[in-house]
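Trainee: Each protein sequence line maps, in turn, to chains A and B. If you count by the working numbering, then the first sequence holds residues 33 to 323, one letter each, in order. If you count by the working numbering, then the second sequence holds residues 33 to 323, one letter each, in order. Think of the CB as a built atom: it goes at the ideal place given N, C-alpha and C, for glycine as much as any other residue. Fair warning: this is a prediction, and the values are worked out from it, not measured in the lab. Sharing a structure, written as C-alpha cells. Questions coming.
Protein chains: 2
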Amino acid sequence: MGLYSDLREKLISDYAKLSPQMQKAARYILDHPNEVALRSMRALAGAADVPPSTITRLMGAIGVETWQDFRDHYQSRLLDQPASYAQRARETQSVENDANRDEHLLESIARTEIDNISAAFSPELSSRMIEACGAIENARHVFIVGCGAAYPAAYQFAYAYRLFRDNGILVDGHSGAFGDELRGITRRDLLIAVGAKPYIRDTVQAVRFARDQHCPVIAISDSDVSPIALDAMTKLVVRDHSQSFFQSFTAALSVMQALVALLVARGGQKALQRIAVAEEQLAAFDTYLED
Amino acid sequence: MGLYSDLREKLISDYAKLSPQMQKAARYILDHPNEVALRSMRALAGAADVPPSTITRLMGAIGVETWQDFRDHYQSRLLDQPASYAQRARETQSVENDANRDEHLLESIARTEIDNISAAFSPELSSRMIEACGAIENARHVFIVGCGAAYPAAYQFAYAYRLFRDNGILVDGHSGAFGDELRGITRRDLLIAVGAKPYIRDTVQAVRFARDQHCPVIAISDSDVSPIALDAMTKLVVRDHSQSFFQSFTAALSVMQALVALLVARGGQKALQRIAVAEEQLAAFDTYLED
DNA sequence: CAAAAAATGAAACATTTGTTGCGATTGTTT
DNA sequence: AAACAATCGCAACAAATGTTTCATTTTTTG
C-alpha cells in the first residue's frame, strides 16, 4: 500500500470517484482539516452533516485502515505547522530577493486590513450600526447608492437585503439614467450611501437630492465631513487604509454584511422564512448548481 | 467564576497548593501542553504515570468544571488564530438578553471576519497569490467572473485592474448574454473565477468553458474541490465563515485587493503612470467631485 | 500514640466513541 | 417492467472515555 506524505492530496485526487455522501464528508474534511485532529469522528460527521458510517466508509475508500490512523495523520500535521511557520519567517528575513518582498507586502496588507476591520467594529461604530438598523426597519423604501470602487459594498448589501425584504432599491444607473430610481423619494424613505475619497459626483448628487427631499441618509464613508456623510442622519465612518494605491473597501463591505446579519437576527423567524422563499425562487430559475 | 486567559498560569500559581500526585500530573501537563489538546484523558494520565482520577481531581482543584473545558482551552491554544473564538461564541449564546444581543453579535462578527482575513494571508495562500500574479502578468486577456454574492469581489478586481491594464474583461452579462465575453478565449488567456457555495450555474459554466478551451483558471473559492476550483491551475481557498445566514465575502474581497496591490507593486513605475493617465481621463469626464 | 483528616488507586458507572450489519432507497441495466 | 448493484441511514454492538464511589493508605494533629 502506498503511503502518502499528505492524505489531503489523496482525498483530492480520489474525490471524483467517491459517492455523493462521501464527497460531502471529504469536502468538509478538506475545508476543516484541524477538526479532524481535534474533534471526534461522530462530532465531525455531525458537522459535515453525514452519518458516522459515511466517515468509516470514506476511510476504506481512500485506503486508510482505521479512523485512528487518519486522525493521527492530521494531528501530526497540526503539530508540524508552527515549525514551518517559524522556518519561513527565518527564510524571509535572511534573503532579500524580489519574491519575499511580495510576501512582506502581503503581510503588511493583512495587518492593515485587520486593523481596518477592528476599527469598524469599535463600540462607537457598533452602536451606530444598531441605530442604523432601526432606521432601516422603519423605512418605506431603502435606496442604496455607491459608485466606482464603492459599488461592490453597495451591491453586496442590496443583494443580501433583497433576499428577505422587497423594499430595497439599488441605485446604479442600470435602468436608464443614473439616479432615475430616486424619483419619488420622501422623508419616509431611507438612502444608504457608500463612498470614499475621491468622491464620485453621481453618489454625492444622489445624497444631495435625497436630502433635498428630506430623506434621511445613512452614510458609509471615510470621514465625518465627507460630502456624503456631512448631512447624514447616521454616519458610519470606516477606515480605508491600504498599502496600495487604492483605498480598501474591505471594512465597508464588512459593515454592510454586519448590517444584514443584524437585520436578519432582529427580524427573527419571519426573516428566515422570507429567505427560504427567495432561495426556492432562485432554485426554480435553475440559478444554483445542485451538488 | 473567574475566567483565565491562560489556564497555564493558574496551574503554575496553584502548583504549590496541590497534592503530590496532582503536582505530578500538573507538571506533565505544563511540560506537554499539546498532549492535552490531542490525546485522551486516560492516555494523558498514563503518560504522566498517575491514575485517571487524579486528573479529574486536578480539574476540580484549579476550578475547571470538566475535562472537556480544560481540553477545549488547550485546543484553541493550539490553533492560536481563533484563540477565544469558541469561548466567545458560547458566551454570545448563553446571554439571551435582547438589548445586548445585537452588540454581542457584532463582536462575534468582527472576530470571525478577522479570522477569515488572517487565514487568507497564511503563508500557503500568500505564496499562491504571488504565483497567481505571475500568471496574470503573462496572460493576453484576463477574464473575471463572479455572480451573485461573489459579484462584488469580481467587480472590485476588474475595476481596479482596468486602471493600470487594459486587457481585463469582466464577465457579467451586461453586454448581451452571459458568457458572451468569453468567446475567443484561448490557452494564452486567463480566467479569474470567484464563487462559494451555493455555486451559481453561470459561474461554473464559465469555468468549464474556459477549461475546455485550455484556458488556465485562478479560482477564489471556499473549497479545494468546489466545482469552480476543482480543475483550476491556482486555487485560492478563502474562509467565508459568518455569523449570519449569508457567507462572508470579506476575505475574498481582501484577496482581490491584495492581488491588485501586488500587481501594481510588481509593475513598478510603468503601472503608476498608467494609473495617473486613467485618473486624468476620469477627471476629464467630470467623474470626481473636486474638494 | 491514637484519632481525625487528607490523599490515593482500583473498580464500577454511565456516557461517548468507532465500527459493523441490515433493511430501505436509489439509480441503472437487462 | 423487473432485476441488479450501488448507496445510504438507522440501529446495534463492543471498546473507549470521563467521572464517581469507596475502601485503603498516608499524613496530620491533639
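Check whether chain A comes within 7 Å of B/R194, counting only Cβ atoms and requiring the distance to be less than that.
Mentor: The residue you call residue 194 of chain B lines up with position 162 of the second sequence. Closer than 7 Å: no.
Trainee: I want to verify the contact list: residues of chain B whose CB lies under 7 Å from the CB of A/Q313, in sequence order.
Mentor: As a first step, residue 313 of chain A is located in the first sequence; it is residue number 281 there, counting from the start. Correct list: empty, because the minimum Cβ distance to chain B is about 13 Å.
Trainee: Quick check: the Cα distance between A/I201 and A/Q279, rounded to an integer number of angstroms?
Mentor: For this step, residue 201 of chain A is matched to residue 169 along the first sequence. For this step, residue 279 of chain A is matched to residue 247 along the first sequence. About 26 Å.
Trainee: Residues of chain B with CB closer than 9 Å to the CB of A/T218, please, in chain order.
Mentor: In the first sequence, residue 218 of chain A corresponds to position 186, counting from 1. Neighbours of A/T218 on chain B: none; closest Cβ ~25 Å, over 9 Å.
Trainee: Tell me the start and end of each unbroken beta strand (DSSP E) in the segment 116-201 of chain A that is at least 3 residues and wholly inside, in chain order.
Mentor: 174-178
Trainee: So, helix, strand or coil for B/R268, using DSSP?
Mentor: Walking along the second sequence from the start, residue 268 of chain B turns up at place 236. According to the sequence provided, residue 268 of chain B is Leu. The question's Arg does not apply to it. If DSSP states are grouped into helix, strand and coil, B/L268 belongs with the strands.
Trainee: What number of angstroms, rounded off, separates the C-alpha of B/I217 from the C-alpha of A/Q188?
Mentor: Residue numbering aside, residue 217 of chain B sits at position 185 when the second sequence is read from its first letter. Residue numbering aside, residue 188 of chain A sits at position 156 when the first sequence is read from its first letter. Distance between the alpha carbons of B/I217 and A/Q188 is about 29 Å.
Trainee: Under a Cβ-count criterion, where at least 16 other Cβ atoms within 10 Å of its own Cβ denotes burial, should A/T98 be classed as buried or exposed?
Mentor: One-based indexing of the first sequence puts residue 98 of chain A at position 66. Per the 10 Å Cβ criterion, exposed.
Trainee: Determine the chain B residues that contact A/A59 at a beta-carbon separation under 7 Å, and present them in chain order.
Mentor: Sequence index remark: in the first sequence, residue 59 of chain A carries index 27 (1-based). Position check: residue 59 of chain A holds Arg in this sequence, whereas Ala was assumed. In chain order: S255, V257.
Trainee: Starting from the C-beta of B/S274, find all residues in its chain whose C-beta is less than 6 Å away, skip the five residues before and the five after it, and write them out in chain order.
Mentor: Locating residue 274 of chain B in the second sequence gives position 242, where the first residue counts as 1. Excluding sequence neighbours, B/S274 sits near S280.
Trainee: Taking a contact to mean a Cβ-Cβ separation below 7 Å, would you say B/T319 touches B/E145 in this structure?
Mentor: Numbered from its first residue, the second sequence carries residue 319 of chain B at position 287. Numbered from its first residue, the second sequence carries residue 145 of chain B at position 113. Taking 7 Å as the Cβ cut-off, B/T319 and B/E145 do not qualify as a contacting pair.
Trainee: Between the C-alpha atoms of A/S108 and B/I162, what's the straight-line distance to the nearest angstrom?
Mentor: Stepping through the first sequence from its first residue, residue 108 of chain A is reached at position 76. Stepping through the second sequence from its first residue, residue 162 of chain B is reached at position 130. So the two alpha carbons sit approximately 28 Å from each other.
Trainee: When burial is assigned at 16 or more other CB atoms within 10 Å of the CB, is A/E213 buried or exposed?
Mentor: One-based indexing of the first sequence puts residue 213 of chain A at position 181. By the neighbour-count rule (16 or more Cβ atoms within 10 Å), A/E213 is buried.
Trainee: Mind checking who A/A251 pairs with in its DSSP beta bridge?
Mentor: Position 219 of the first sequence, counted from the start, is the residue given in the question as residue 251 of chain A. Its beta-bridge partners are A/A225, A/K267.
Trainee: On the three-state DSSP scale, how would you describe B/L106?
Mentor: Position 74 of the second sequence, counted from the first residue, corresponds to residue 106 of chain B. Here the sequence assigns Tyr to residue 106 of chain B, which means Leu is not the residue at that position. Here B/Y106 sits in helix by DSSP.
Trainee: Would A/D38 pass as an interface residue toward chain B - the criterion being a Cβ-Cβ separation below 7 Å?
Mentor: If you number the first sequence from 1, residue 38 of chain A lands on position 6. Output row for A/D38: interface = no.
Trainee: Could you work out which residues of chain A lie near B/L319, taking near to mean beta carbons separated by less than 7 Å?
Mentor: For the purposes of this step, residue 319 of chain B is identified with residue 287 of the second sequence, where counting begins at 1. The identity of residue 319 of chain B in the sequence shown is Thr, whereas the question assumes Leu. By Cβ distance, chain A contributes I232, R233.
Trainee: From B/A118 to A/R71, what does the alpha carbon distance come to, in whole angstroms?
Mentor: The sequence position of residue 118 of chain B within the second sequence is 86, counting from 1. The sequence position of residue 71 of chain A within the first sequence is 39, counting from 1. With a pLDDT of 35 at B/A118, under the threshold of 50, the predicted position of this residue should be treated as unreliable, though the coordinate-derived value follows. Roughly 13 Å separates the two Cα atoms.
Trainee: Does the beta-carbon of B/V309 have 16 or more other beta-carbons within 10 angstroms, so that it is buried, or is it exposed?
Mentor: Your numbering for residue 309 of chain B matches position 277 in the second sequence. It is exposed - the Cβ of B/V309 has fewer than 16 other Cβ atoms within 10 Å.
Trainee: Would you kindly work out how many angstroms separate the C-alpha atoms of A/P248 and B/A190, rounded to a whole number?
Mentor: For the purposes of this step, residue 248 of chain A is taken as the residue at position 216 of the first sequence. For the purposes of this step, residue 190 of chain B is taken as the residue at position 158 of the second sequence. Cα to Cα, A/P248 sits roughly 32 Å from B/A190.
Trainee: Just to make sure I have the definition right: I need the residues of chain A whose C-beta is within less than 7 Å of the C-beta of B/L111. Which are they?
Mentor: For the purposes of this step, residue 111 of chain B is taken as residue 79 along the second sequence, with counting starting at 1. Within 7 Å Cβ-Cβ: N66.
Trainee: Is it true that the CB of B/A261 sits closer than 7 Å to the CB of B/S253?
Mentor: Within the second sequence, residue 253 of chain B is the residue found at index 221, counting from 1. Within the second sequence, residue 261 of chain B is the residue found at index 229, counting from 1. Result yes, Cβ atoms of B/S253 and B/A261 sit closer than 7 Å.
Trainee: Report yes if the C-beta distance between A/D256 and A/V269 is below 7 Å; otherwise report no.
Mentor: As a first step, residue 256 of chain A is located in the first sequence; it is residue number 224 there, counting from the start. As a first step, residue 269 of chain A is located in the first sequence; it is residue number 237 there, counting from the start. Cβ atoms of A/D256 and A/V269: closer than 7 Å.
Trainee: Since A/Q100 meets chain B, which of its residues come closer than 7 Å, beta carbon to beta carbon?
Mentor: Along the first sequence, one-based indexing puts residue 100 of chain A at 68. Those do not exist, as A/Q100 stays about 11 Å from chain B at its closest Cβ, beyond 7 Å.
Trainee: I want to see whether chain A comes within less than 7 Å of B/V296, judged by CB atoms only; does it?
Mentor: For the purposes of this step, residue 296 of chain B is taken as the residue at position 264 of the second sequence. So yes, B/V296 belongs to the interface.
Trainee: Would you please state the rounded distance, in angstroms, between the beta carbons of A/I176 and A/L295? I believe it to be under 8 Å.
Mentor: Locating residue 176 of chain A in the first sequence gives position 144, where the first residue counts as 1. Locating residue 295 of chain A in the first sequence gives position 263, where the first residue counts as 1. The Cβ separation is near 13 Å, so there is no contact.
Trainee: With DSSP collapsed to three states, give me the class of A/Y320.
Mentor: Here residue 320 of chain A is taken as the residue at index 288 of the first sequence, counted from 1. Three-state DSSP puts A/Y320 in a strand.
Trainee: Which residues in the same chain have their Cβ closer than 7 Å to the Cβ of B/L314, if we skip the five residues on either side of it in sequence?
Mentor: For the purposes of this step, residue 314 of chain B is taken as the residue at position 282 of the second sequence. Y320, listed in sequence order.
Trainee: Compute the distance between the beta-carbons of A/D263 and A/A228, then report whether it is under 7 Å.
Mentor: Locating residue 263 of chain A in the first sequence gives position 231, counting from the first residue. Locating residue 228 of chain A in the first sequence gives position 196, counting from the first residue. In this structure, A/A228 does not lie closer than 7 Å to A/D263 by Cβ.
Trainee: For a test of the three-state rule: what should DSSP assign to B/V96, helix, strand or coil?
Mentor: If you number the second sequence from 1, residue 96 of chain B lands on position 64. It is coil, neither helix nor strand.
Trainee: Per DSSP, B/V203 forms a beta bridge with which residues?
Mentor: In the second sequence, counting from the first residue as 1, residue 203 of chain B sits at position 171. Paired residues: B/V177.
Trainee: Using a Cβ-Cβ distance under 7 Å, would A/S85 count as near chain B?
Mentor: On the first sequence, position 53 is the one that residue 85 of chain A refers to. It does not: the Cβ of A/S85 has no partner Cβ on chain B nearer than 7 Å.
Trainee: Quick check on DSSP: helix, strand or coil for A/I350?
Mentor: What the structure shows of chain A is the stretch from 33 to 323, and residue 350 of chain A is not part of that stretch, so it cannot be assessed.
Trainee: Determine whether the Cβ of A/I141 lies closer than 7 Å to any Cβ atom of chain B.
Mentor: Start at 1 with the first residue of the first sequence, and residue 141 of chain A comes out as number 109. Judged by the 7 Å Cβ criterion, A/I141 is in contact with chain B.
Trainee: Relative to the ligand MN, is the shortest distance from any of its heavy atoms to the C-beta of B/Q100 smaller than 6 Å?
Mentor: For the ligand MN, the structure offers nothing, since it holds no ligand at all.
Trainee: Would A/S116 be called buried (16 or more neighbouring beta carbons within 10 Å of its own) or exposed?
Mentor: If you number the first sequence from 1, residue 116 of chain A lands on position 84. Because the pLDDT of A/S116 is 39, which lies under 50, any placement of that residue in the model is unreliable, and the number read from its coordinates should be weighed accordingly. By the neighbour-count rule (16 or more Cβ atoms within 10 Å), A/S116 is not buried but exposed.
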